[in-house]
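Residue numbers (my numbering): 1344 to 1415. Shown next, in structure tokens, is the structure this report addresses.
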């Protein structure tokens, strides 16, 4: 029983060490990925707003845009 408790503790400490090592080495990449993801979301929101404005003021143009990029 004591051996099982020590093994669980050893695996927990080893896992924490590996997580610290993994996120320490790849932290820059995760930061860059999250930054690019935030930029992509901002661009998508901006594009959706532009499309909404075009759809309100010029429905024919919005229809042509939808036909062009929908792949049908």
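Each residue gets a CB set at the ideal place from its N, CA and C atoms; glycine is no exception. These numbers were taken from a predicted model, which means no experiment stands behind them.
Do residue 1397 and residue 1387 have their CB atoms nearer than 9 Å? no
Any idea what DSSP makes of residue 1401, helix, strand or coil? coil
Would you mind stating whether residue 1366 and residue 1373 have Cβ atoms separated by less than 9 Å? yes
By how many angstroms is the C-alpha of residue 1376 removed from the C-alpha of residue 1368? Those two C-alpha atoms are separated by around 14 Å.
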